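Asks: If you scroll down you'll find the structure; I have some questions about it.
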Amino acid sequence: MSSATTPTLVIGEAITDVLTGEDGVQRARPGGSPANVALGLARLGHPVRLATRIGRDGPGRELHAHLRSSGVVLTPGSHTDGPTSTATARLDAAGTAHYGFDITWDLPPGALDGPAPAHVHTGSLATVLAPGAERVFAAVEAARAGATVSYDPNIRPALLADPERERQRAERFVALSDVVKASEEDLGLLRPGRSPDETARRWVEGSREGRGPALVVVTMGGAGARVFWPGGRCEVPATAVGVADTVGAGDAFMAGLLSGLLRTGLLASAGPPGAPGAPGAARARTALREATARALLDPRVGSALSLAARAAALTCTREGADPPTHTELARWAAGR
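Quick look at the structure:
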């Protein structure tokens with residue numbers, strides 16, 4: 204990576220979701236958890252680059268056009284001559300998606316070339332599937348000295364071959380991260396027999412020693428989220444909505460959370476050194492750890508969590524991974 208700095212780099216899969224509803228009708232939608240987070244951040248006004256693997260086939264062209272239309276910039280090496288990966292999701296009566304996958308994951312040569320990022324986000328299949336997972340880990344590990352890091356394990360049971368190995372892989376990323384978002388299901392799969400709260404608490408305890416996440420958010424679907432930091436914990440209620448489906452809701456939550464933390468200087472963003480609202484990694488990491496050292500929730504963190512909950516709720520009201528813009532969130536709030 205060059206000495207220039209780019210704001211946020213998301214590393215991970217972009218795939219085509221083939222959704223099958225209760226009516227049996229199939230609908231193709233752009234997807235992939237990291238790509239959805241990149242899309243959500245761009246729609247909330249953040250410059251973002253995505254390092255991924257997209258084929259030059261028809262689905263790949265559609266994915267690229269979808270991301271580009273909202274402002275996501277693909278790194279130049281993200282295209283491949285291979286086919287674009289797909290996920291087949293069947294929606295149950297509650298609108299919850301159950302997935303199967305036809306995916307190849309490796310970053311094409313040159314996908315990680317370019318300016319050094321101020322903040323890096325990764326997660327999901329990109330952090331567990333060989334051969335690409337090791338390249339993603341090496342990239343995040345190398346970037347951490349100059350960037351803040353966020354991670355969402357987003358475990359897929361259909362691809363969970365060895366729970367112990369997946370736990371070890373996931374917790375390597377946790378140790379590199381400043382912010383982690385995980386679902387109750389994720390934590391149950393990673394640590395069977397241990398409560399999700401206990402796992403989250405153990406993850407943030409490491410932050411007292413300057414390693415590991417200063418903030419861990421455990422999402423619980425319609426029951427909201429529980430938030431853990433070294434100084435305390437709290438609950439964030441969900442926003443009640445009519446659910447079209449839950450596809451992409453967790454990714455919209457992640458994007459909203461990151462957006463709020465980026466805007467308040469608790470994660471790093473690019474800009475002139477010392478510029479207000481554009482702290483480097485060291486200053487942002489210190490600010491986040493200071494904000495999470497107290498028992499009471501810092502208002503900046505509370506605001507980011509509120510934004511995350513609203514973004515997830517609005518996403519649930521429409522089909523597919525379709526995260527909102529700031530304008531849509533404002534209009535939706537005004538009309539409620």
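Residue numbering for the sequence shown is 204 to 539, as defined by this note's numbering. Glycine is no exception: its CB is placed at the ideal position from the N, C-alpha and C atoms. Since the model is a prediction, treat every value here as computed from it, not as a measurement.
#1: Are the region 243-263 and the region 355-373 touching, with three or more C-beta to C-beta distances below 8 angstroms?
#2: Tell me the start and end of each unbroken alpha helix (DSSP H) in the region 319-405 that is at least 4 residues and wholly inside, in chain order.
#3: Got a sec, what are the start and stop residues for the alpha helix (DSSP H) proline 250 sits in?
#4: Are the CB atoms of glutamate 216 and glycine 235 within a distance shorter than 8 angstroms?
#5: Tell me, which residues are paired with arginine 264 by DSSP?
#6: Kindly indicate the opening and closing residues of the beta strand (DSSP E) around alanine 515.
#7: Identify the residues that DSSP records as bridge partners of phenylalanine 431: which are they?
#8: Is it buried or exposed, proline 399, if we count other Cβ atoms within 10 angstroms and call 16 or more buried?
#9: Taking one C-beta from the region 321-336 and one from the region 456-473 each time, how about it: are there three or more such pairs within less than 8 angstroms?
#10: What is the DSSP secondary structure of proline 475, reduced to helix, strand or coil?
#11: Buried or exposed, going by whether 16 or more other CB atoms sit within 10 Å of the CB of alanine 198?
#12: Using C-beta distances below 6 angstroms, list every residue in its chain close to aspartate 501, excluding the 5 sequence neighbours before and after it, in chain order.
#13: Rounded C-beta distance between valine 221 and threonine 289? I'm assuming under 8 angstroms.
#14: Kindly list the residues whose CB is nearer than 6 angstroms to the CB of phenylalanine 431, restricted to its own chain and excluding five residues on each side of it in sequence; keep chain order.
#15: Please report the distance separating the alpha-carbon of threonine 291 from that of threonine 449.
#16: How is threonine 528 classed by DSSP in three states: helix, strand or coil?
#17: Taking the alpha carbon of aspartate 309 as the reference point, which residue from Gly326, Pro334, Pro286, Ser327 has its own alpha carbon closest?
#18: Could you check how far apart the C-beta atoms of threonine 307 and glycine 285 are, in whole angstroms? I think they sit under 8 angstroms.
#19: Go ahead and pull the three-state DSSP assignment for glycine 453.
#20: Which class does glycine 480 belong to by DSSP, given the choice of helix, strand or coil?
#21: With arginine 521 and leucine 469 assumed to form a contact (beta carbons below 8 angstroms), what rounded beta-carbon distance in angstroms separates them?
#22: So what's leucine 315 in DSSP terms, helix, strand or just coil?
#23: Measuring alpha carbon to alpha carbon, tell me which of Asp316, Pro237, Arg375, Ala329 ends up nearest glutamate 344.
#24: By the 10 Å Cβ neighbour count, where 16 or more other Cβ atoms means buried, how is glycine 538 classified, buried or exposed?
#25: Would you kindly work out how many angstroms separate the C-alpha atoms of arginine 338 and alanine 473, rounded to a whole number?
#26: I'd like to confirm the pairing. Which residues does DSSP put opposite leucine 212 in its beta bridges?
#27: Out of Ala507, Thr489, Ala452, Gly434, point me to the one whose CA is closest to leucine 546's CA.
#28: For arginine 178 and valine 213, what's the separation of their Cα atoms in angstroms?
#29: Between which two residues does the beta strand (DSSP E) harbouring isoleucine 218 extend?
#30: What would DSSP say about valine 240, mapped onto helix, strand or coil?
#31: Per the DSSP calculation, aspartate 305 is bridged to which residue(s)?
Replies: Quick answer:
#1: no
#2: 335-346, 366-379, 387-393
#3: Counted from its first residue, the sequence shown places residue 250 at position 47. Element bounds for proline 250: n/a, residue is neither H nor E.
#4: Against the sequence shown, residue 235 aligns to sequence position 32. Against the sequence shown, residue 216 aligns to sequence position 13. The answer is yes: Cβ separation under 8 angstroms.
#5: Locating residue 264 in the sequence shown gives position 61, where the first residue counts as 1. For arginine 264, which the question treats as bridged, DSSP gives no partner whatsoever.
#6: Here residue 515 refers to the residue found at position 312 of the sequence shown. From DSSP, alanine 515 is part of no beta strand (DSSP E) but of the alpha helix (DSSP H) over 502-519.
#7: The count along the sequence shown starts at 1 and reaches residue 431 at position 228. Per DSSP, Val419, Arg436.
#8: For the purposes of this step, residue 399 is taken as the residue at position 196 of the sequence shown. With 16 or more other Cβ atoms within 10 Å, it is buried.
#9: yes
#10: Along the sequence shown, read from residue 1 onward, the residue named residue 475 stands at position 272. In this predicted model, proline 475 has a pLDDT of only 44, less than 50, meaning its place in the structure is not dependable; the value taken from the coordinates is given anyway. Note: proline 475 maps to coil in three-state DSSP.
#11: This structure leaves residue 198 out entirely; the chain is present only between 204 and 539.
#12: Taking the first residue of the sequence shown as 1, we reach residue 501 at position 298. Answer for aspartate 501: Ala494, listed in chain order.
#13: Within the sequence shown, residue 221 is the residue found at index 18, counting from 1. Within the sequence shown, residue 289 is the residue found at index 86, counting from 1. The pair is a contact, with the Cβ atoms about 6 angstroms apart (cut-off 8 angstroms).
#14: Walking along the sequence shown from the start, residue 431 turns up at place 228. Hits under 6 angstroms: Ala403, Arg404, Val407, Val419.
#15: Locating residue 291 in the sequence shown gives position 88, where the first residue counts as 1. Locating residue 449 in the sequence shown gives position 246, where the first residue counts as 1. Approximately 15 angstroms, taken between the alpha carbons.
#16: Here residue 528 is taken as the residue at index 325 of the sequence shown, counted from 1. Looking at threonine 528 - three-state DSSP - the assignment turns out to be coil, as it is neither helix nor strand.
#17: Here residue 309 is taken as the residue at index 106 of the sequence shown, counted from 1. Among Gly326, Pro334, Pro286, Ser327, the Cα nearest to that of aspartate 309 belongs to Pro334.
#18: For this step, residue 307 is matched to residue 104 along the sequence shown. For this step, residue 285 is matched to residue 82 along the sequence shown. Threonine 307 to glycine 285, Cβ: 6 angstroms. Contact.
#19: For the purposes of this step, residue 453 is identified with residue 250 of the sequence shown, where counting begins at 1. Correct three-state label for glycine 453: helix.
#20: Within the sequence shown, numbered from 1, the residue matching residue 480 stands at position 277. The predicted model places glycine 480 with a pLDDT of 45, which falls under 50 and marks its position as unreliable; any figure quoted below should be read in that light. Three-state DSSP puts glycine 480 in coil, outside helix and strand.
#21: Locating residue 521 in the sequence shown gives position 318, where the first residue counts as 1. Locating residue 469 in the sequence shown gives position 266, where the first residue counts as 1. 29 angstroms between Cβ atoms; not a contact.
#22: The residue you call residue 315 lines up with position 112 of the sequence shown. Coil, per DSSP.
#23: Numbered from its first residue, the sequence shown carries residue 344 at position 141. Closest by alpha carbon: Arg375.
#24: What you label residue 538 is simply residue 335 of the sequence shown in a count that begins at 1. By the 10 Å Cβ count, glycine 538 comes out exposed.
#25: Position 135 of the sequence shown holds residue 338. Position 270 of the sequence shown holds residue 473. One C-alpha to the other measures close to 24 angstroms.
#26: For the purposes of this step, residue 212 is taken as residue 9 along the sequence shown, with counting starting at 1. Its beta-bridge partners are Arg252, Val323.
#27: The requested residue 546 is not part of the displayed model; the chain covers only 204 to 539.
#28: Because the chain here runs from 204 to 539, residue 178 falls outside it and cannot be looked at.
#29: To locate residue 218, count along the sequence shown from 1; it is residue 15. First-last of the beta strand (DSSP E) with isoleucine 218: 218-223.
#30: Translated into the one-based positions of the sequence shown, residue 240 becomes position 37. Reduced to three states, the DSSP call for valine 240 is helix.
#31: Position 102 of the sequence shown holds residue 305. Thr289.
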